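See structure below.
There are 2 protein chains.
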Amino acid sequence: MKKKGILIVVSGFSGAGKGTLMNRLLKEYDDYALSISATTRKPRAGEADGREYFFKTMEEFEKMIAEDALIEYARYVDNYYGTPKAYVEQKLEEGKDVILEIEIQGALKVKEKFPDTLLLFVTPPDANTLKNRLVGRGTETMDVIESRMKRAKEEAKGIENYDYLIVNDDLEECVKEMHQIISGEHRRCFRNMEFLNQIKTELKES
Amino acid sequence: MKKKGILIVVSGFSGAGKGTLMNRLLKEYDDYALSISATTRKPRAGEADGREYFFKTMEEFEKMIAEDALIEYARYVDNYYGTPKAYVEQKLEEGKDVILEIEIQGALKVKEKFPDTLLLFVTPPDANTLKNRLVGRGTETMDVIESRMKRAKEEAKGIENYDYLIVNDDLEECVKEMHQIISGEHRRCFRNMEFLNQIKTELKES
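Set out below in structure tokens:
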């Protein structure tokens, strides 16, 4: 069976180690590509176009919106951020599984538009660990705790719409497990309709 | 997260190596239990009650049907065959993933009754291999080929209702892959609602 790339959205509680996890996954395995976002914010020192972001003018970005050239986008304060379709599709065609790191609202929008998208949610190993990370060690101000709690509640909404829980206990184990889950997904029947139809045709013709 | 067993149905084309695959899986990993069927047929030499089958009288079997004590059952000619619920539930409670080896009609009935059931379909690596196995090497009578074709067409019906395709190319690889797919399934969000609800409760109470 020819391997076609899967579009993967990774979300998760802040502090769950998403970033480190993604870096390790890309370093360990050749199967993945990280999606590069487009943005209208100005490049910072050391950032290169097409590496950290695709840097766009407001006009260019709004043209992309109008032409449905973005998988999803959002506006924060004065700037747009979004996922250009072309880059993702190119990588999928090359057989790479393409990873988008976006939060839950964006994730659900992507899934709606592309139902074959795989949604992964990264979480600490248990509720206590999460709580401890949020509350801190008694050294945080109430404001900081409040804002973390609010964010976590936001992040927790709709987790049940995700396909898998990635439990980040031991990093090495977690990277391996995440890779196995994604590899397994390639064997889903609905991702292999071409193969199935071929078998059915052969049987019919025989 | 406490590991709860998954009910797994394995079906597949005859000649795909299902039996060998199951034996290896159970030998290599401690996570699995094979479901034991109940039947009204007489035990053959060397068969033990509760090992090859649970041997039942017609009366006993029909009582099990009436009491909804079977996950699925079918009657072939003069005998009943079925899957006793009690044994499966006991093994699931022990944390074992319980494997049922049944054909497609039975599989879909089980899925309907227990929507969390994982359906796996074992297939040779490509349509040609399947065809060659069915047609044989020119040494088979038309009758044999006909009967194999008919069976394969029957088996191919509704494969798209299965969750995963298990492609049996290399046996060792296939056993490993099957185990990884099942392990991955334990991380499905819908199989971890207890954990998710706990996290949500913790966040609400904080």
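Those protein sequences? They're chains A and B, same order as listed.
To convert, take the position in the first sequence, counting from 1, and add 184; that gives my numbering.
To convert, take the position in the second sequence, counting from 1, and add 184; that gives my numbering.
The beta carbon of each residue, even a glycine, is placed where N, CA and C say it ideally should be.
In this text, all values refer to a predicted model and were calculated from it rather than measured experimentally.
Residue-level contact to chain A via CB, residue i, 8 Å cutoff
i              : result
residue 349(B) : yes
residue 371(B) : yes
residue 326(B) : no
residue 297(B) : no
residue 315(B) : yes
residue 331(B) : no
residue 367(B) : yes
residue 311(B) : yes
residue 364(B) : yes
residue 200(B) : no
residue 346(B) : yes
residue 336(B) : yes
Minimum Cβ-Cβ distance from residue i to chain B less than 8 Å
i              : result
residue 185(A) : Residue placement at residue 185(A) is flagged as unreliable, the pLDDT there being 47, under the threshold of 50; a coordinate-derived value is accordingly withheld.
residue 382(A) : yes
residue 343(A) : yes
residue 216(A) : no
residue 386(A) : yes
residue 376(A) : yes
residue 305(A) : yes
residue 340(A) : yes
8 Å contact criterion, which residue i and residue j should meet: CB distance rounded
i              : j              : result
residue 222(B) : residue 240(B) : 5 Å
residue 271(A) : residue 190(A) : The pair is not a contact, with the Cβ atoms about 16 Å apart (cut-off 8 Å).
residue 245(B) : residue 224(B) : 5 Å
residue 273(A) : residue 202(A) : Not really, about 24 Å apart at Cβ, beyond 8 Å.
residue 386(A) : residue 311(B) : 4 Å
residue 197(B) : residue 314(B) : 6 Å
residue 269(A) : residue 283(A) : In fact, because the Cβ distance is near 15 Å, the residues do not count as touching under 8 Å.
residue 349(B) : residue 376(A) : 5 Å
residue 358(A) : residue 210(A) : The Cβ separation is near 14 Å, so there is no contact.
residue 263(B) : residue 308(B) : No, residue 263(B) and residue 308(B) are not in contact; Cβ-Cβ is about 31 Å, not under 8 Å.
residue 132(A) : residue 260(A) : Summary: the structure shown does not reach residue 132(A), with chain A confined to residues 185 through 390, and so no result is reported for it.
residue 194(A) : residue 306(A) : 6 Å
Buried or exposed by the 16-neighbour rule on C-beta atoms within 10 Å, applied to residue i
i              : result
residue 355(B) : exposed
residue 295(A) : buried
residue 326(A) : exposed
residue 252(A) : exposed
residue 371(A) : buried
residue 331(A) : exposed
residue 281(A) : buried
residue 361(B) : buried
residue 301(A) : buried
residue 266(B) : buried
residue 379(A) : buried
residue 368(B) : buried
residue 366(A) : buried
residue 192(B) : buried
residue 346(A) : buried
residue 257(A) : buried
residue 242(B) : exposed
residue 249(A) : exposed
residue 229(A) : exposed
Quick check on the DSSP output: what are the complete alpha helix (DSSP H) runs of length 4 or more inside the segment 229–253 of chain B, in order along the chain? 242–250
Would you mind listing the alpha helix (DSSP H) stretches within the segment 248–313 of chain A that are 4+ residues and don't spill past its ends, in chain order? 269–277 and 288–297
The segment 316–323 of chain B touching the segment 271–279 of chain B, judged by at least three CB pairs closer than 8 Å: no
Does the segment 334–351 of chain A come into contact with the segment 281–295 of chain A, if we say contact requires no fewer than three beta-carbon pairs (one atom in each stretch) closer than 8 Å? yes
Closer than 7 Å, Cβ to Cβ, to anything on chain D: give me those residues from the segment 273–286 of chain A, in chain order. The displayed structure is made up of protein chains A and B, and chain D is not among them.
Please list the segments of the beta strand (DSSP E) lying wholly inside the segment 189–233 of chain A, counting only runs of 3 or more residues, in order along the chain. 191–196, 216–218 and 221–223
Could you tell me which whole beta strand (DSSP E) segments of length 3 or greater appear in the segment 347–383 of chain B? Fully enclosed beta strand (DSSP E) runs of 3 or longer: 348–351.
Residue ranges of each alpha helix (DSSP H) run of no fewer than 4 residues wholly in the segment 326–350 of chain A, ordered along the chain? 326–340
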